[in-house]
Amino acid sequence: MLVASLQVLVTVGVLGFVVARWGLEPITTALGSLPWWALAGGLVLGAAGVLVQALRWRLVAHHHGIRLPVGPAVARCWQASFLNSLLPGGLAGDVLRAADDSSDAEVSAGRRALASGFAAVAAERLCGTTVVLVAASAALAPHRPLLAALCLAGGVVTAAVAWRWLRRLPARDLLGVGMLSVVGWVAFAGIFALALVAVAPSTDPRLAPGLAAVSIAGMSVPVGVGGWGTREAATAWVFSVVGLDPAAGVGVSVGYGVLALVSTLPGAVVLAARLAPRVREVGRSRDRRHARAGREHAGA
1 MLVASLQVLV TVGVLGFVVA RWGLEPITTA LGSLPWWALA GGLVLGAAGV
51 LVQALRWRLV AHHHGIRLPV GPAVARCWQA SFLNSLLPGG LAGDVLRAAD
101 DSSDAEVSAG RRALASGFAA VAAERLCGTT VVLVAASAAL APHRPLLAAL
151 CLAGGVVTAA VAWRWLRRLP ARDLLGVGML SVVGWVAFAG IFALALVAVA
201 PSTDPRLAPG LAAVSIAGMS VPVGVGGWGT REAATAWVFS VVGLDPAAGV
251 GVSVGYGVLA LVSTLPGAVV LAARLAPRVR EVGRSRDRRH ARAGREHAGA
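The opening residue of the sequence shown carries number 1 in full-length UniProt numbering; numbering runs sequentially from there.
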(Lines of atoms letter the chains of each structure in order from A; the text may use other names.)
(Lines give C-alpha, C1' and ligand atoms only; values in the text may rest on other atoms or scores of the structure.)
Protein backbone atom coordinates (compact mmCIF):
# COMPACT_ATOMS: atom_id res chain seq x y z
CA MET A 1 0.00 0.00 0.00
CA LEU A 2 2.88 2.35 0.81
CA VAL A 3 4.53 1.68 -2.55
CA ALA A 4 1.28 2.33 -4.41
CA SER A 5 0.79 5.59 -2.53
CA LEU A 6 4.32 6.68 -3.42
CA GLN A 7 3.67 5.84 -7.08
CA VAL A 8 0.54 7.99 -7.06
CA LEU A 9 2.53 10.82 -5.47
CA VAL A 10 5.23 10.49 -8.14
CA THR A 11 2.61 10.77 -10.88
CA VAL A 12 0.97 13.80 -9.29
CA GLY A 13 4.34 15.41 -8.62
CA VAL A 14 5.70 14.96 -12.15
CA LEU A 15 2.44 16.09 -13.74
CA GLY A 16 2.47 19.08 -11.41
CA PHE A 17 5.96 19.96 -12.60
CA VAL A 18 4.88 19.61 -16.24
CA VAL A 19 1.88 21.92 -15.69
CA ALA A 20 3.99 24.42 -13.75
CA ARG A 21 6.58 24.47 -16.54
CA TRP A 22 4.35 24.53 -19.62
CA GLY A 23 0.87 25.31 -18.34
CA LEU A 24 -2.46 23.60 -18.95
CA GLU A 25 -2.83 24.75 -22.55
CA PRO A 26 -0.92 21.82 -24.15
CA ILE A 27 -3.12 19.39 -22.22
CA THR A 28 -6.45 21.04 -23.02
CA THR A 29 -5.42 21.49 -26.65
CA ALA A 30 -4.54 17.82 -26.94
CA LEU A 31 -7.81 16.70 -25.38
CA GLY A 32 -9.72 18.81 -27.88
CA SER A 33 -7.64 17.76 -30.88
CA LEU A 34 -8.32 14.03 -31.02
CA PRO A 35 -10.70 13.23 -33.90
CA TRP A 36 -12.77 10.08 -34.12
CA TRP A 37 -10.37 8.48 -36.61
CA ALA A 38 -7.50 8.80 -34.13
CA LEU A 39 -9.56 7.11 -31.42
CA ALA A 40 -10.60 4.35 -33.83
CA GLY A 41 -7.05 3.92 -35.06
CA GLY A 42 -5.75 3.78 -31.50
CA LEU A 43 -8.25 1.06 -30.69
CA VAL A 44 -7.22 -0.99 -33.74
CA LEU A 45 -3.50 -0.59 -33.08
CA GLY A 46 -4.00 -1.33 -29.40
CA ALA A 47 -5.86 -4.51 -30.33
CA ALA A 48 -2.98 -5.50 -32.59
CA GLY A 49 -0.54 -4.90 -29.75
CA VAL A 50 -2.61 -7.05 -27.38
CA LEU A 51 -2.87 -9.84 -29.95
CA VAL A 52 0.89 -9.81 -30.47
CA GLN A 53 1.48 -9.89 -26.71
CA ALA A 54 -0.92 -12.82 -26.34
CA LEU A 55 0.87 -14.76 -29.08
CA ARG A 56 4.24 -14.02 -27.47
CA TRP A 57 2.95 -15.12 -24.08
CA ARG A 58 1.54 -18.37 -25.48
CA LEU A 59 4.84 -19.13 -27.17
CA VAL A 60 6.81 -18.70 -23.94
CA ALA A 61 4.16 -20.33 -21.73
CA HIS A 62 4.06 -23.44 -23.92
CA HIS A 63 7.64 -24.24 -22.91
CA HIS A 64 6.72 -23.79 -19.24
CA GLY A 65 3.98 -26.41 -19.33
CA ILE A 66 1.09 -23.96 -19.86
CA ARG A 67 -1.25 -24.36 -22.82
CA LEU A 68 -3.64 -21.50 -23.44
CA PRO A 69 -5.92 -21.02 -26.48
CA VAL A 70 -5.56 -17.77 -28.42
CA GLY A 71 -8.96 -16.36 -27.39
CA PRO A 72 -8.46 -16.66 -23.63
CA ALA A 73 -4.85 -15.44 -23.98
CA VAL A 74 -6.03 -12.30 -25.77
CA ALA A 75 -8.77 -11.78 -23.18
CA ARG A 76 -6.32 -12.07 -20.29
CA CYS A 77 -3.80 -9.72 -21.93
CA TRP A 78 -6.49 -7.12 -22.65
CA GLN A 79 -7.70 -7.34 -19.06
CA ALA A 80 -4.11 -6.95 -17.85
CA SER A 81 -3.55 -3.92 -20.10
CA PHE A 82 -6.67 -2.25 -18.74
CA LEU A 83 -5.66 -2.82 -15.12
CA ASN A 84 -2.07 -1.77 -15.81
CA SER A 85 -3.32 1.52 -17.25
CA LEU A 86 -5.27 2.33 -14.08
CA LEU A 87 -3.30 0.87 -11.19
CA PRO A 88 0.02 2.12 -9.80
CA GLY A 89 3.18 0.54 -11.16
CA GLY A 90 1.71 -0.82 -14.38
CA LEU A 91 2.26 -4.42 -13.31
CA ALA A 92 -0.81 -5.43 -11.27
CA GLY A 93 -2.68 -6.67 -14.34
CA ASP A 94 0.21 -8.93 -15.28
CA VAL A 95 0.45 -10.29 -11.75
CA LEU A 96 -3.22 -11.25 -11.97
CA ARG A 97 -2.63 -12.73 -15.44
CA ALA A 98 0.16 -14.90 -14.06
CA ALA A 99 -1.75 -16.02 -10.97
CA ASP A 100 -5.13 -16.59 -12.68
CA ASP A 101 -6.21 -20.19 -12.12
CA SER A 102 -9.20 -20.11 -14.48
CA SER A 103 -10.12 -23.27 -16.35
CA ASP A 104 -9.31 -21.77 -19.78
CA ALA A 105 -5.68 -22.89 -19.48
CA GLU A 106 -4.05 -26.29 -19.13
CA VAL A 107 -1.23 -26.16 -16.60
CA SER A 108 1.08 -29.01 -15.72
CA ALA A 109 0.23 -30.33 -12.28
CA GLY A 110 2.60 -29.82 -9.41
CA ARG A 111 3.62 -27.27 -6.86
CA ARG A 112 5.67 -25.34 -9.45
CA ALA A 113 2.62 -24.55 -11.61
CA LEU A 114 2.25 -21.06 -10.12
CA ALA A 115 5.97 -20.38 -10.47
CA SER A 116 5.77 -21.41 -14.13
CA GLY A 117 2.92 -18.98 -14.67
CA PHE A 118 4.89 -16.08 -13.24
CA ALA A 119 8.02 -17.11 -15.18
CA ALA A 120 6.16 -17.08 -18.50
CA VAL A 121 4.60 -13.67 -17.87
CA ALA A 122 7.84 -12.16 -16.57
CA ALA A 123 9.81 -13.45 -19.55
CA GLU A 124 7.41 -12.11 -22.16
CA ARG A 125 7.13 -8.72 -20.44
CA LEU A 126 10.90 -8.43 -20.19
CA CYS A 127 11.21 -9.20 -23.91
CA GLY A 128 8.93 -6.27 -24.65
CA THR A 129 10.88 -4.03 -22.27
CA THR A 130 14.13 -5.01 -23.96
CA VAL A 131 12.83 -3.85 -27.34
CA VAL A 132 11.59 -0.59 -25.77
CA LEU A 133 15.02 0.15 -24.29
CA VAL A 134 16.95 -0.81 -27.42
CA ALA A 135 14.65 1.40 -29.54
CA ALA A 136 15.18 4.31 -27.14
CA SER A 137 18.94 3.73 -27.31
CA ALA A 138 18.88 3.87 -31.12
CA ALA A 139 16.79 7.06 -31.07
CA LEU A 140 19.05 8.80 -28.55
CA ALA A 141 22.40 7.72 -29.98
CA PRO A 142 22.81 10.70 -32.37
CA HIS A 143 21.82 13.22 -29.68
CA ARG A 144 22.76 11.86 -26.25
CA PRO A 145 25.31 9.02 -26.63
CA LEU A 146 25.76 8.50 -22.89
CA LEU A 147 22.05 8.20 -22.23
CA ALA A 148 21.75 5.92 -25.26
CA ALA A 149 24.45 3.69 -23.77
CA LEU A 150 22.56 3.55 -20.47
CA CYS A 151 19.36 2.53 -22.27
CA LEU A 152 21.26 -0.14 -24.17
CA ALA A 153 22.77 -1.40 -20.92
CA GLY A 154 19.30 -1.57 -19.44
CA GLY A 155 18.16 -3.59 -22.44
CA VAL A 156 21.05 -6.00 -21.96
CA VAL A 157 20.06 -6.44 -18.30
CA THR A 158 16.39 -7.11 -19.07
CA ALA A 159 17.36 -9.55 -21.82
CA ALA A 160 19.73 -11.35 -19.47
CA VAL A 161 17.06 -11.69 -16.80
CA ALA A 162 14.52 -12.89 -19.36
CA TRP A 163 17.02 -15.45 -20.65
CA ARG A 164 16.70 -17.34 -17.38
CA TRP A 165 13.17 -18.34 -18.48
CA LEU A 166 13.72 -18.27 -22.24
CA ARG A 167 16.71 -20.59 -22.53
CA ARG A 168 14.49 -23.65 -22.79
CA LEU A 169 12.94 -22.30 -26.01
CA PRO A 170 14.31 -23.60 -29.33
CA ALA A 171 15.95 -21.10 -31.67
CA ARG A 172 12.87 -20.86 -33.91
CA ASP A 173 10.61 -19.90 -31.01
CA LEU A 174 13.18 -17.45 -29.64
CA LEU A 175 13.17 -15.75 -33.04
CA GLY A 176 9.38 -15.70 -32.95
CA VAL A 177 9.36 -14.07 -29.52
CA GLY A 178 11.81 -11.43 -30.71
CA MET A 179 9.84 -10.66 -33.87
CA LEU A 180 6.55 -10.44 -31.97
CA SER A 181 8.18 -8.06 -29.49
CA VAL A 182 9.26 -5.77 -32.33
CA VAL A 183 5.82 -5.89 -33.97
CA GLY A 184 4.21 -5.04 -30.62
CA TRP A 185 6.50 -2.03 -30.26
CA VAL A 186 5.59 -0.90 -33.79
CA ALA A 187 1.89 -1.07 -32.90
CA PHE A 188 2.31 1.23 -29.91
CA ALA A 189 4.63 3.53 -31.84
CA GLY A 190 1.82 3.73 -34.37
CA ILE A 191 -0.51 5.02 -31.65
CA PHE A 192 2.06 7.71 -30.87
CA ALA A 193 2.22 8.62 -34.57
CA LEU A 194 -1.58 9.03 -34.60
CA ALA A 195 -1.35 11.39 -31.63
CA LEU A 196 1.45 13.31 -33.34
CA VAL A 197 -0.58 13.82 -36.52
CA ALA A 198 -3.71 14.79 -34.59
CA VAL A 199 -2.17 17.10 -31.99
CA ALA A 200 0.92 18.49 -33.75
CA PRO A 201 0.25 18.10 -37.48
CA SER A 202 3.06 20.48 -38.47
CA THR A 203 5.70 18.16 -36.99
CA ASP A 204 7.78 16.23 -39.51
CA PRO A 205 6.28 12.69 -39.44
CA ARG A 206 9.73 11.23 -40.13
CA LEU A 207 10.60 12.12 -36.55
CA ALA A 208 7.76 10.00 -35.17
CA PRO A 209 9.69 6.73 -34.62
CA GLY A 210 12.47 8.38 -32.61
CA LEU A 211 10.07 10.53 -30.58
CA ALA A 212 7.85 7.50 -29.95
CA ALA A 213 10.84 5.44 -28.79
CA VAL A 214 11.71 7.88 -26.01
CA SER A 215 8.08 8.50 -25.05
CA ILE A 216 7.32 4.78 -24.77
CA ALA A 217 10.50 4.25 -22.76
CA GLY A 218 9.42 7.05 -20.42
CA MET A 219 6.02 5.52 -19.77
CA SER A 220 7.58 2.07 -19.22
CA VAL A 221 9.32 3.19 -16.03
CA PRO A 222 7.17 1.53 -13.30
CA VAL A 223 7.14 4.44 -10.86
CA GLY A 224 3.75 6.01 -11.55
CA VAL A 225 0.21 5.30 -12.69
CA GLY A 226 -0.43 4.28 -16.29
CA GLY A 227 2.74 5.96 -17.51
CA TRP A 228 1.32 9.42 -16.82
CA GLY A 229 3.81 12.04 -15.78
CA THR A 230 7.01 10.24 -16.74
CA ARG A 231 5.76 9.95 -20.32
CA GLU A 232 4.91 13.65 -20.54
CA ALA A 233 8.27 14.68 -19.06
CA ALA A 234 10.21 12.33 -21.36
CA THR A 235 8.32 13.45 -24.45
CA ALA A 236 8.75 17.15 -23.67
CA TRP A 237 12.46 16.53 -23.15
CA VAL A 238 13.00 14.64 -26.42
CA PHE A 239 11.06 17.29 -28.34
CA SER A 240 13.48 19.90 -27.03
CA VAL A 241 16.46 17.68 -27.84
CA VAL A 242 15.50 17.51 -31.54
CA GLY A 243 14.71 21.22 -31.69
CA LEU A 244 10.93 21.09 -31.32
CA ASP A 245 8.65 22.91 -28.91
CA PRO A 246 8.56 20.88 -25.66
CA ALA A 247 5.03 22.14 -24.94
CA ALA A 248 3.96 20.45 -28.16
CA GLY A 249 5.60 17.29 -26.84
CA VAL A 250 3.46 17.49 -23.71
CA GLY A 251 0.35 17.78 -25.87
CA VAL A 252 1.32 14.85 -28.08
CA SER A 253 2.11 12.76 -25.01
CA VAL A 254 -1.27 13.52 -23.46
CA GLY A 255 -2.96 12.62 -26.75
CA TYR A 256 -0.99 9.38 -26.83
CA GLY A 257 -2.00 8.63 -23.25
CA VAL A 258 -5.67 9.09 -24.10
CA LEU A 259 -5.42 6.89 -27.20
CA ALA A 260 -3.52 4.23 -25.26
CA LEU A 261 -6.16 4.27 -22.52
CA VAL A 262 -8.98 3.99 -25.05
CA SER A 263 -7.22 1.01 -26.62
CA THR A 264 -7.40 -0.86 -23.28
CA LEU A 265 -11.13 -0.28 -22.67
CA PRO A 266 -12.20 -3.66 -24.13
CA GLY A 267 -10.23 -5.07 -21.22
CA ALA A 268 -12.83 -3.57 -18.88
CA VAL A 269 -15.50 -5.63 -20.64
CA VAL A 270 -13.34 -8.74 -20.31
CA LEU A 271 -12.77 -8.03 -16.62
CA ALA A 272 -16.49 -7.62 -15.99
CA ALA A 273 -17.31 -10.81 -17.90
CA ARG A 274 -14.70 -12.80 -16.00
CA LEU A 275 -15.72 -11.41 -12.62
CA ALA A 276 -19.48 -11.85 -13.07
CA PRO A 277 -19.59 -15.65 -12.49
CA ARG A 278 -17.40 -15.31 -9.40
CA VAL A 279 -19.57 -12.52 -8.00
CA ARG A 280 -22.69 -14.64 -8.59
CA GLU A 281 -21.04 -17.60 -6.85
CA VAL A 282 -20.16 -15.41 -3.86
CA GLY A 283 -23.80 -14.28 -3.73
CA ARG A 284 -25.08 -17.86 -3.87
CA SER A 285 -22.66 -18.92 -1.13
CA ARG A 286 -23.85 -16.04 1.06
CA ASP A 287 -27.49 -17.00 0.45
CA ARG A 288 -26.75 -20.61 1.39
CA ARG A 289 -25.07 -19.50 4.62
CA HIS A 290 -28.02 -17.29 5.50
CA ALA A 291 -30.47 -20.09 4.75
CA ARG A 292 -28.49 -22.56 6.86
CA ALA A 293 -28.28 -20.06 9.72
CA GLY A 294 -32.04 -19.51 9.46
CA ARG A 295 -32.76 -23.23 9.73
CA GLU A 296 -30.44 -23.61 12.70
CA HIS A 297 -32.10 -20.64 14.39
CA ALA A 298 -35.58 -22.07 13.73
CA GLY A 299 -34.60 -25.47 15.15
CA ALA A 300 -33.03 -23.99 18.27
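Glycine included, C-beta positions come from ideal geometry on N, C-alpha and C.
Burial state of Pro-246, where buried means 16 or more other Cβ atoms lie within 10 Å: buried
Sequence-distant residues of its chain with Cβ nearer than 7 Å to Leu-51 (five each side left out): Val-74
Spatial distance of Val-250 from Thr-235 (CA atoms): 6 Å
Alpha carbon of Gly-190 to alpha carbon of Ala-153, nearest angstrom: 25 Å
DSSP bridge partner residues for Val-95 (one or two, in chain order): Its beta-bridge partners do not exist; DSSP assigns none.
For Pro-222, three-class secondary structure by DSSP: coil
heavy atom of the ligand MG below 7 Å from Pro-26 C-beta: Questions concerning the ligand MG fall outside what the structure shown contains, since it holds no ligand whatsoever.
Ser-181 - containing alpha helix (DSSP H), residue span: 171–199
Three-state class that DSSP yields for Pro-35 in the structure shown: coil
Buried/exposed call for Trp-78, threshold 16 Cβ in 10 Å: Per the 10 Å Cβ criterion, buried.
CA-to-CA distance, Ala-148 to Leu-166, given in whole angstroms: 26 Å
Start and end residues, alpha helix (DSSP H) containing Pro-88: The continuous stretches of alpha helix (DSSP H) do not include Pro-88, and DSSP gives it neither H nor E.
Val-8 versus Gly-90, Leu-261 and Val-156, residue with shortest Cα-Cα distance: Gly-90
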